[in-house]
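Below: the structure, in structure tokens.
Chains as they are written, first to last, in the numbering used here: chain A, 1 to 89; chain B, 90 to 777.
Here it is in structure tokens:
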């Protein structure tokens, strides 16, 4: 099962909201994945198949190896779905 | 060979207590271990010099003297020639010398008395000059008159009273007394004889220290009157003329014990002191007796209410307190200073009790319209403390709790009443707002709070009004946490019997072990408890008319966050630095808090200044740019007190914001109440 890590600056507010939305999107897409959330600093040492978060945050995780999904609108289920879909092909 | 104040006091202490462990000495002297060891060293030098054997130590007895030191010898040796005055003592000494002004005083006088250098004395005098300014007095020097203090006679009288009281509250005052009043022995003796007669006639017994102190105070008064420092008439004292004490003073003023002419005002002044003097026995009837009796009863009742203890032998207690309270009442009413030498120690040894007594006396302050000084509070603390000890109720052993309830006085009262009833064995120190709880000084073990707040103590989140079921549950939680057991009295053995009655047991031993480990599992390392009903608040509880704001515009996104957080800062649920932290976080990580076009949820970490879980919302008519392409109109500040209590509200918020139509509608609404109602109606769903 894929592991999706939701990342935000503090790991308390927006990441939790995003986690809810990612789960909702996955459900609608009928995919299953392990979803967790964390803050930016801890994310750097975490392992996951997909890191997802706001553009300005997720850019800081780019080390050339990680799979990153950057969101414009974290509340938009359609956006999340369209950006996650390619990773489940 | 000089003996300083500390070493001298220590020797007198050791002389009187045969067994003194270091810990006892620390408590008795209020000094630190190091200071005591230093004082012992100095005292030993002195003992050796005077051919005594030094202070001994062994494990059982602690510190002790093998050879009695003649008290007289000790005292005589501590006169001014061998005695080193402390800074405080020098200040009192110089102050009184100048106030009483019996000779022209120059620096040489002070030098010869203290044996200190000119520079040290000049430094002392500069300090004293500052001190005199506190009472609007001025310390001046002139070649003709030497050092003098000029200013209002009443202020000088007050200063003399306070200083005399300070001097005599120090048990080691022989050297100072000798410096100041060496030549007045005859008059002091005469005054004492008169005062003892007054005691007999009035049927009271003053405490020895106070009788002594009063003799010197009257002597000083006599000196001041002679120098033309008489008091102006004070109308509020007129009622004193009718007292027995006043009659006594009139007679006293005629005797040869006094040399000056005492005016009616001065006699009233003396009467006041007789009335306000601490006594050990009191059989005298007093006009204001009834007032005092009633007040006393109210004080005791208030104390019982606040400390939630029941005081026994009330009759005896009233009798004892009455003797203390009658003079204290007059001291408070007329603002007479009274130095309590052990106030500091009382505050240190009985911080909780002292705190509760201070709260108790607020009622007295209201009735008298006068503040009750710490020194007087400490006296009451000693009385109540003594009584509790006598009946074996020690407050020290009880767990201390504070109650946090920002819901207003009425609700707070109901809550604390319920809690006190539920937990008679817990000492409830205060009901506080979130803000004052964050700055609370006294130590405490438990917090009962109606809001989720950040604390290192055990936190119990409770609804402001508890139902029967909840009371039961809360009591279980608290008991489990404090004592590791619940009151149910369930044991594995009796459970096994019940199970055997209705079911077939295949392995009784295993079952019992399993039950045992389940029942008696060590309490979880958890520091936060909530009752089901008081659990994670919903969005509707957090976003209210108080926390929702509508503004036309904001100068910058930083400004917008500041405005949005303002209601939280004002109510004290977050500190100013939390606002800074939210801004810093965005500056460091970019505008990731803009979770969907038009909406930002700024937040930082709980430890960056959150006092309790809270949220606020600011709606701007004009969008403000959080970044070049990120205009925001709804700013929802999130202040989480831990990592989970805010989640329920956050889920609801997500629900609300998932629907672009909802955001659109929220931006259209121009009325605060309407906006709040819309948010509440559209955030009720809780499926996840």
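Even for Gly, the Cβ is constructed at its ideal location relative to N, Cα and C.
Residues are counted here when their Cβ sits less than 7 Å from a Cβ of chain A; for the region 671 to 689 of chain B these are 674, 678, 679, 680, 681, 682, 684, 685 and 686, given in chain order. Apart from the 5 residues on each side of it in sequence, residue 359/B sits with its Cβ closer than 6 Å to the Cβ of 338 in its chain, given in chain order. Looking at the DSSP output, residue 709/B bridges to 640/B. For residue 154/B, the three-state secondary structure derived from DSSP is coil.
Between residue 348/B and residue 276/B, the gap from beta carbon to beta carbon is short of 9 Å.
Straight through space, the alpha carbons of residue 29/A and residue 17/A are spaced by roughly 18 Å. Taking C-alpha positions only, residue 353/B is separated from residue 188/B by approximately 23 Å.
For chain A, the residues of the region 727 to 743 of chain B that bring a beta carbon within less than 8 Å of one of its beta carbons are 727, 729, 732, 735, 736, 739, 740, 742 and 743, in chain order. Per DSSP, reduced to three states, the secondary structure at residue 558/B is helical.
Chain B places no beta carbon closer than 9 Å to that of residue 43/A, leaving this residue out of the contacts. Within chain A, not a single residue places a beta-carbon under 9 Å from that of residue 751/B; the smallest gap is close to 10 Å.
When DSSP states are grouped into helix, strand and coil, residue 582/B belongs to the helix group. Cβ atoms of residue 9/A and residue 39/A come within 8 Å of each other, at about 7 Å. Taking 7 Å as the upper bound on Cβ-Cβ separation, chain A lies near no residue of the region 756 to 776 of chain B. Linking residue 331/B to residue 406/B through their CA atoms gives a straight-line distance of about 29 Å. At a cut-off of 9 Å, the C-beta of residue 747/B has a neighbouring C-beta in chain A.
Using a Cβ-Cβ distance cut-off of 8 Å, the region 68 to 81 of chain A and the region 93 to 102 of chain B are not in contact, since fewer than three pairs of beta carbons, one from each stretch, lie closer than that value. Straight-line spacing of the CA atoms in residue 122/B and residue 462/B works out to 30 Å.
Inside the region 501 to 536 of chain B, DSSP marks whole alpha helix (DSSP H) runs of 4 or more residues at positions 523 to 527, from first to last along the chain. Setting aside the 5 residues that flank it on each side, residue 14/A is surrounded in the same chain by 8, 54 and 74, each with a C-beta closer than 8 Å to its C-beta; the list follows chain order. Neighbourhood of residue 53/A in chain B, by CB distance below 8 Å: 681, in chain order. The way I'd put it, the region 118 to 134 of chain B doesn't touch the region 80 to 88 of chain A; fewer than three beta-carbon pairs between them come closer than 8 Å. When 7 Å is used as the limit between beta carbons, residue 76/A is near these residues of chain B: 685, in chain order. Listed in chain order, the non-local C-beta contacts of residue 244/B below 8 Å within the same chain comprise 224, 225 and 226, local neighbours out to five positions each way being set aside. Judged by DSSP in its simplified three-state form, residue 735/B adopts coil rather than helix or strand. Comparing alpha-carbon positions, the option among 198/B, 536/B and 317/B lying closest to residue 235/B turns out to be 198/B. Residue state for residue 76/A is assigned as coil, using DSSP reduced to three classes.
Rounded to whole angstroms, the Cβ separation of residue 765/B and residue 723/B is 13 Å, and the two are not in contact under 8 Å.
Within the region 165 to 245 of chain B, the complete beta strand (DSSP E) runs of at least 3 residues fall at 227 to 231 and 235 to 239.
Every alpha helix (DSSP H) stretch that sits fully inside the region 250 to 310 of chain B and reaches 4 residues is listed by chain position as 263 to 270 and 274 to 291. For residue 88/A, no chain B residue has a C-beta closer than 9 Å to its own C-beta; the minimum C-beta separation is roughly 22 Å. Ranked by Cα distance from residue 712/B, the options 767/B, 669/B, 662/B and 640/B are led by 640/B. For residue 487/B, the secondary structure class from DSSP, reduced to helix, strand or coil, is coil. Each of 729/B, 767/B, 734/B and 246/B was checked against the Cα of residue 746/B, and the nearest Cα belongs to 767/B.
Distances from the CA of residue 456/B to each of 688/B, 385/B and 710/B were compared; the closest alpha carbon is that of 385/B. Contact between residue 654/B and residue 726/B is confirmed by a C-beta separation of about 5 Å, below the 8 Å threshold.
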